[in-house]
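J.: Per the working numbering, the very first residue in the sequence shown carries number 1; after that it's consecutive. Handing you a structure now.
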Amino acid sequence: MDTGLLPFALLCFTSFFTLTNPLGTMPVFLTMTNGMTEKERRAIVRRATIVAFLTLMVFIFSGQFLFKFFGISTNGFRIAGGVIIFKIGFDMLQARYTSLRLKDEEIKTYANDISITPLGIPMLCGPGAIANAIVLMQDAHTIEMKGVLIGVVALIYLFAFFMLSASTRLVKVLGETGNNVMMRLMGLILMVIAVECFVSGAQPILVDILKEGSLTLP
């Protein structure tokens, strides 16, 4: 792999892995599928990961159109995306599940098709992942980088499929302490990525403001 593609691939992998957060999704998934067989759980996970992947692909390829349609600047979106991702990372750092909080009656409501909502959207494909996907697509200036981004997203959801399919065994192996430690580490990484995203969006805006201020001075 080209030396320029490797850092970009690592950034894509770490950011999407922490934002999709399959480890943090496992306990909620087990609660929602309580009483189901392994075959039924696997079918739900398969549908959820496909829905999440396709949803993210739609935003990846339509991000530029959305910017033009709503008159949104790339830098403004970077700032907003950085704030969203930072909030998610901050909650993860405190080992809190931010994707969704379900009550018993809500679990029954979603029982018919939980693979689309809430498992696929917003748990595996939430606002943080969508914002991250659009920003990274803007940073992918070559065909190779775009291919890496799509490939990493597909790889992440493949991981999510296998991890959630084996969630019963993984939760027992990790335990509550291990799961909390893993979530805190991923949250810290996510906060660093969010700060970089915010700064990269704010810096050009501040430079333009300073230039305009210097031009108006007598």
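Heads up, the beta-carbon is just placed ideally off N, CA and C, and yes, glycines get one too.
F86 and M183 look like a contact to me (Cβ under 8 Å); what is the Cβ gap, rounded to whole Å?
T.: About 16 Å; that fails the 8 Å criterion.
J.: The alpha helix (DSSP H) with A154 in it runs from where to where?
T.: In the DSSP annotation of this structure, the continuous segment of the alpha helix (DSSP H) that includes A154 starts and ends at I143 to S165.
J.: Apart from the five residues just before and just after T18, which ones in its own chain have a Cβ nearer than 6 Å to its Cβ?
T.: Cβ within range, chain order: M186, I189 and L190.
J.: Alpha carbon to alpha carbon, what distance is there between E212 and G152?
T.: A small correction: the amino acid at residue 152 is Val; Gly does not occupy that position in the sequence shown. C-alpha separation (whole angstroms): 40 Å.
J.: Looking only at its own chain, which residues have a Cβ that is under 6 Å from the Cβ of I193, when we skip the five neighbours before and after it?
T.: S15
J.: Have a look at I114, M92, L174 and N75 and flag the residue whose alpha-carbon is nearest the alpha-carbon of R41.
T.: I114
J.: Please report the straight-line C-alpha distance between I121 and L54, rounded to a whole angstrom.
T.: 11 Å
J.: From which residue to which residue does the alpha helix (DSSP H) around T74 run?
T.: T74 to L93
J.: Between which two residues does the alpha helix (DSSP H) harbouring L11 extend?
T.: L5 to T20
J.: Using the C-alpha atoms, what's the distance from N75 back to Q138?
T.: 10 Å
J.: What do you get for I143, buried or exposed, if any count of 16 or more other CB atoms within 10 angstroms of its CB means buried?
T.: Per the 10 Å Cβ criterion, exposed.
J.: Please name the residue, chosen from A133, H141 and V207, that lies closest to C197 on a Cα-to-Cα basis.
T.: A133
J.: Pull up the distance between the alpha-carbon of A160 and that of L210, whole angstroms please.
T.: 45 Å
J.: Going by DSSP, what residue range makes up the alpha helix (DSSP H) through T37?
T.: Looking at the DSSP string, T37 is not in any alpha helix (DSSP H), and its letter there is neither H nor E.
J.: I88: buried (16+ other C-beta within 10 angstroms of its C-beta) or exposed?
T.: It counts as buried.
J.: Can you tell me whether F69 is buried or exposed, with buried defined as 16 or more other CB within 10 angstroms of its CB?
T.: exposed
J.: Please identify the residue among L93, F13, V173 and S73 whose C-alpha is closest to the C-alpha of P204.
T.: S73
J.: Which term fits P7, buried or exposed, when burial requires 16 or more other beta carbons within 10 angstroms of its beta carbon?
T.: exposed
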